[in-house]
Amino acid sequence: MAEKISILIVDDEDSVRDSLYNWFVDDGYEVACAENAKKALSLLDNREFDIVLADIKMPGMDGLEMHRRIKALSSPPVVIIMTAFASVDTAVQALKDGAFDYVTKPFDPEDLSRLIRKAAAKVALKDSGKHLKERVSTLQDVEDIVGESEALKQVLREVESVAGSDSSIIITGESGTGKELVARAIHSNSPRKYFPMISVHCGALTESLLESELFGHEKGAFTGATFNRKGRFEMADGGTIFLDEIATISVKMQIELLRVLESKSFVRVGGNREITSDFRVICATNKDLDSMVRS
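Take the sequence shown: its position 207, counting from 1, is numbered 203 in the numbering used here, and each next residue is one higher.
As structure tokens, then:
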């Protein structure tokens, strides 16, 4: 498995640090805190962090000066500035100095989560450049793909070549040949590796169940829908969705999927609010799709 994204929170308010710490830990990040810029720089001297989330106004050294010093590090993290509305102009100056972005207090949970995911994606993109220069034998999550044949080596070479792309992919092959393992290897070596790969086995679900599974549903959308439920596309935000047995879905569902692929947005079953999600799609099938299209 890939290592966790690490975040350093720098704020002089205990309540802010505690809230953000619990929030990000629950989201699966590795988190550390510092109550001032001096302590934060000391932590950064001893270890690397992927993201620094720093308040712009703190006693002693402020966030702007801290950011300038962070930029001088040999491997500087992505820096996001926290600011009150009254200090937005100062935050804009931080952007001009190279900060990744800023967020205003009080925080909007969805906006902050989205911003952290964007920053993590930037970190992953930087890391992926290193991974793609490595030999095929060092690819992550390929230990379950066993064999020494030239055909298998070609598969691993193709995993390496497509992992850095964000294009949709379809994997074909007979049942039991390890298509999901290949999909997972692609995901684990891509810029999206820090986010989930969500799998859906389309052939095991009826059309109505598949619709609810993919798009989610609102409370009361149908009998038994007693609460709001996120769909798989929503859960895959930032990561990859793997659609197995894609050839089994109906024409109606194919049209719905095409719309989602084009817009990266959808509406839950029984809902009216459009939801956006950033994901990569990998599909798999044991069918000959060219023959199916021609027929």
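Cβ coordinates follow ideal geometry from the N, Cα and C atoms, glycine included.
Nothing here was measured: the structure is a model prediction, and the numbers come from that model.
| Check | Outcome |
| --- | --- |
| Taking the straight line between their C-alpha atoms, what separation do you get for residue 10 and residue 16? | 10 angstroms |
| Ignore the nearest five residues each way along the sequence and tell me which others in residue 215's own chain have a CB closer than 7 angstroms to its CB. | 221, 222, 223 and 224 |
| So, does the segment 151 to 158 touch the segment 196 to 210, judging by three or more C-beta pairs under 8 angstroms? | no |
| Taking the alpha-carbon positions, what's the residue 26 to residue 118 distance? | 17 angstroms |
| Determine the direct distance from the alpha carbon of residue 54 to that of residue 263, and round the result to whole angstroms. | 42 angstroms |
| Using the beta-carbon count (16 or more within 10 Å), is residue 187 buried or exposed? | buried |
| So what's residue 269 in DSSP terms, helix, strand or just coil? | coil |
| Could you tell me the boundaries of the alpha helix (DSSP H) in which residue 98 lies? | No alpha helix (DSSP H) contains residue 98, which is instead part of the beta strand (DSSP E) from 97 to 101. |
| If you compare alpha carbons, which of 22, 42, 48 and 23 is closest to residue 29? | 48 |
| If we require 4 or more residues per run, which alpha helix (DSSP H) segments fall completely within the segment 180 to 262? | 203 to 211, 228 to 231 and 247 to 259 |
| For residue 26, which beta-bridge partners are listed by DSSP? | 2 |
| If we call anything under 7 angstroms between Cβ atoms a contact, is residue 62 one with residue 95? | no |
| Distance, Cα to Cα, residue 210 vs residue 23? | 21 angstroms |
| Would you grab the beta carbon distance between residue 280 and residue 167 for me? Rounded to a whole angstrom, and I think it's under 8 angstroms. | 4 angstroms |
| Suppose contacts are defined by Cβ-Cβ distances below 7 angstroms. Is residue 51 in contact with residue 7 by that definition? | yes |
| Between the beta-carbon of residue 246 and the beta-carbon of residue 207, is there less than 7 angstroms? | no |
| At what residues does the beta strand (DSSP E) containing residue 276 begin and finish? | 276 to 281 |
| DSSP beta-bridge partners for residue 74? | 47 |
| Please report the straight-line C-alpha distance between residue 266 and residue 217, rounded to a whole angstrom. | 4 angstroms |
| Taking 7 angstroms as the cut-off, decide whether the C-beta atoms of residue 77 and residue 68 are in contact. | no |
| Would DSSP call residue 68 helix, strand or coil? | coil |
| Checking the sheet assignment: what are the DSSP bridge partners for residue 168? | 281 |
| Under three-state DSSP, which class holds residue 79? | strand |
| In whole angstroms, give me the CA-to-CA distance for residue 133 and residue 231. | Low confidence applies to residue 133: its pLDDT is 41, below 50, so where it sits in the model is not reliable enough to give any reading. |
| Quick one: give me the first and last residue of the alpha helix (DSSP H) that residue 86 is part of. | 84 to 92 |
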